[in-house]
Amino acid sequence: SYSVSHDLRAPLRHIDGYSKILMEDFGPRLEPEAQRLLGVIREATGQMSQLIDALLRFARLGRGSMRRSVTDLGALVKAEIGRLEPDTHGRQIDWRMGALGFAECDSELMRQVFANLLTNAIKYSRGQPRSVIEIGRQTDGVFFVRDNGVGFDMKYADKLFGLFQRLHRQQEFEGIGLGLAAAARIVRRHGGRIWAKAAPGSGATFFFSLDDEEAASPASLPANHLVATGEAS
Numbered sequence: 004s005y006s007v008s009h010d011l012r013a014p015l016r017h018i019d020g021y022s023k024i025l026m027e028d029f030g031p032r033l034e035p036e037a038q039r040l041l042g043v044i045r046e047a048t049g050q051m052s053q054l055i056d057a058l059l060r061f062a063r064l065g066r067g068s069m070r071r072s073v074t075d076l077g078a079l080v081k082a083e084i085g086r087l088e089p090d091t092h093g094r095q096i097d098w099r100m101g102a103l104g105f106a107e108c109d110s111e112l113m114r115q116v117f118a119n120l121l122t123n124a125i126k127y128s129r130g131q132p133r134s135v136i137e138i139g140r141q142t143d144g145v146f147f148v149r150d151n152g153v154g155f156d157m158k159y160a161d162k163l164f165g166l167f168q169r170l171h172r173q174q175e176f177e178g179i180g181l182g183l184a185a186a187a188r189i190v191r192r193h194g195g196r197i198w199a200k201a202a203p204g205s206g207a208t209f210f211f212s213l214d215d216e217e218a219a220s221p222a223s224l225p226a227n228h229l230v231a232t233g234e235a236s
């Protein structure tokens, strides 16, 4: 997917560039319908550019080595909630966060996992007068993100983490179907697994685990251990 995405960039730039020239140099002389069609072309190339960028980011998740450090997941998630504030402006959201502890992981990749799951919860609960989003860690070390959104039918659960898979129409919820696939790839790179439980109209809960060797409680950390927070990049 990495090389294919790169190969698509050049012809897309040509389409975007020439359509821009047509619009700027000949637009006033074109019929309204022709102007509208050129606008459709420019909008479509913009969407395709975003898709290619997303594909490149997804491809990079499987490339290169991971930089592991003992990470304060509570601080990481709090920082990510702060970053998502522009997306929640005007929304009533009840954030409920339990103790997440520490984990030995690539902090930037783990930030992306939580970013994708939190964005998912924000998006699919926006129809509620008050969204309730809960982030926690079970006694068995499994992490979860729960929302009170639209949920989904469990018979489609096997499609959730596939590339470009969507369970809701584009007109209802924006997106290209890469977020959960990216989260799954990162979790698997850490030796874990990811799954979900939901029901239509009753919200959804996404769970993921990490390799047992990567889990660590605060009490078990040596005094000189490096701790990465949500500000890591």
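The numbers in the numbering used here rise by one with no breaks, and the one at position 130 of the sequence shown is 133.
Just so it is clear, CB atoms sit at the ideal spot from N, CA and C, and this is done for glycine as well.
CB of GLY85 within 9 angstroms of CB of GLU137, strictly:
By 1-based counting over the sequence shown, the position of residue 85 is 82. By 1-based counting over the sequence shown, the position of residue 137 is 134. For GLY85 and GLU137, no; Cβs fall outside 9 angstroms.
Beta-bridge pairing of ALA207 - partner residues as DSSP gives them
As a first step, residue 207 must be located in the sequence shown, where it is residue number 204. According to DSSP, which records beta bridges pairwise, ALA207 is partnered with ASP150 and ALA201.
With DSSP as the reference, label GLY49 as helix, strand or coil.
For this step, residue 49 is matched to residue 46 along the sequence shown. In this structure, DSSP gives GLY49 a helical state, which the three-state scheme calls helix.
Which residues DSSP lists as bridging ARG140, in chain order:
If you number the sequence shown from 1, residue 140 lands on position 137. Beta-bridge pairing links ARG140 to PHE146.
Exposure label - PHE29; buried when at least 16 CB within 10 Å
To locate residue 29, count along the sequence shown from 1; it is residue 26. When all chains shown are included, PHE29 counts as exposed.
At least three beta-carbon pairs within less than 8 angstroms, the stretch 78–95 to the stretch 41–54
no
So SER110 and SER72 are in contact, right, with Cβ under 8 angstroms, and what is the actual spacing, rounded?
Residue 110 sits at position 107 when you count from the first residue of the sequence shown. Residue 72 sits at position 69 when you count from the first residue of the sequence shown. Yes, they are in contact, since the Cβ atoms of SER110 and SER72 sit about 6 angstroms apart, within 8 angstroms.
Of the residues ARG70, LEU11 and ILE44, which one's Cα is nearest the Cα of ILE24?
As a position in the sequence shown, residue 24 is number 21, starting the count at 1. With distances taken between Cα atoms, ILE24 lies closest to ILE44.
ARG63 - DSSP class collapsed to helix/strand/coil
In the sequence shown, the residue the question calls residue 63 occupies position 60. Looking at ARG63 - three-state DSSP - the assignment turns out to be helix.
Beta-carbon proximity list for THR208, same chain, < 6 angstroms, skipping 5 on both sides:
By one-based count along the sequence shown, residue 208 stands at place 205. For THR208, where only same-chain residues beyond five positions count, the Cβ hits under 6 angstroms are PHE147, ARG149 and LYS200.
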